[in-house]
Amino acid sequence: MRSSLANATAAPPCPCGRLHGSGSRARPLAFADCCGRYVDHAAAAGAPAEPASPAELALPSAGAPDAESLMRSRYTAFVLQRADYLQATWHASTRPAHLDFDPAAQWLGLAVRDHRSTGEDRAEVEFVARYRVGGRAVRLHERSRFVREAGRWFYVDGDQTP
Numbered sequence: 090m091r092s093s094l095a096n097a098t099a100a101p102p103c104p105c106g107r108l109h110g111s112g113s114r115a116r117p118l119a120f121a122d123c124c125g126r127y128v129d130h131a132a133a134a135g136a137p138a139e140p141a142s143p144a145e146l147a148l149p150s151a152g153a154p155d156a157e158s159l160m161r162s163r164y165t166a167f168v169l170q171r172a173d174y175l176q177a178t179w180h181a182s183t184r185p186a187h188l189d190f191d192p193a194a195q196w197l198g199l200a201v202r203d204h205r206s207t208g209e210d211r212a213e214v215e216f217v218a219r220y221r222v223g224g225r226a227v228r229l230h231e232r233s234r235f236v237r238e239a240g241r242w243f244y245v246d247g248d249q250t251p
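When we follow my numbering, the leftmost residue of the sequence shown carries the number 90, and every step to the right adds one.
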């Protein structure tokens, strides 16, 4: 029996673009082996598409292990238009009441530029996400801030760079 990582090329690659291995042997991780284990876990746990209260936003204990993984899984959730996961991983102090997606947006890729701890339970991740809307290319460059509470990472906010 081959491992799921060995089958990564046979399964759909994760939208976040994370690679397994290095150099010329690096291969895209499959969605199920990457962000899918976090994004799909929210659905399996019954996270509502339109949460009514913060209590309904709780994900099971198997969240992303670090801020970079959470940021990558949130990018994937944007690609898949998964408001349930985005809401559940957004810190309550800054979480919007509702998310709207542009159905015409075509996500093109993610590049993580930097990730660093800024304290015991705080971290920042700098990334560039590219997408196309109405034939126009858009480049979102942001330094996002994350906080860990009760062992779970949450997106707090970010500063966009032109």
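We put the beta carbon where it would ideally sit given N, CA and C, even for glycine.
ask   = Does DSSP classify residue 293 as helix, strand or coil?
value = With the chain covering 90 to 251 only, the question about residue 293 has no answer from this structure.
query = DSSP state of residue 199, grouped into three classes?
reply = strand
ask   = CB-CB under 6 Å to residue 204, same chain, minus the five flanking residues each way: which ones, in chain order?
value = Once the five neighbours on either side are set aside, the close Cβ partners of residue 204 are 157 and 214.
ask   = What residues match up with residue 229 in a beta bridge as DSSP calls it?
value = 218
Beta-carbon gap between residue 220 and residue 196 smaller than 9 Å = yes
Close beta carbons around residue 229, own chain, < 6 Å, minus the five adjacent residues each side = 218
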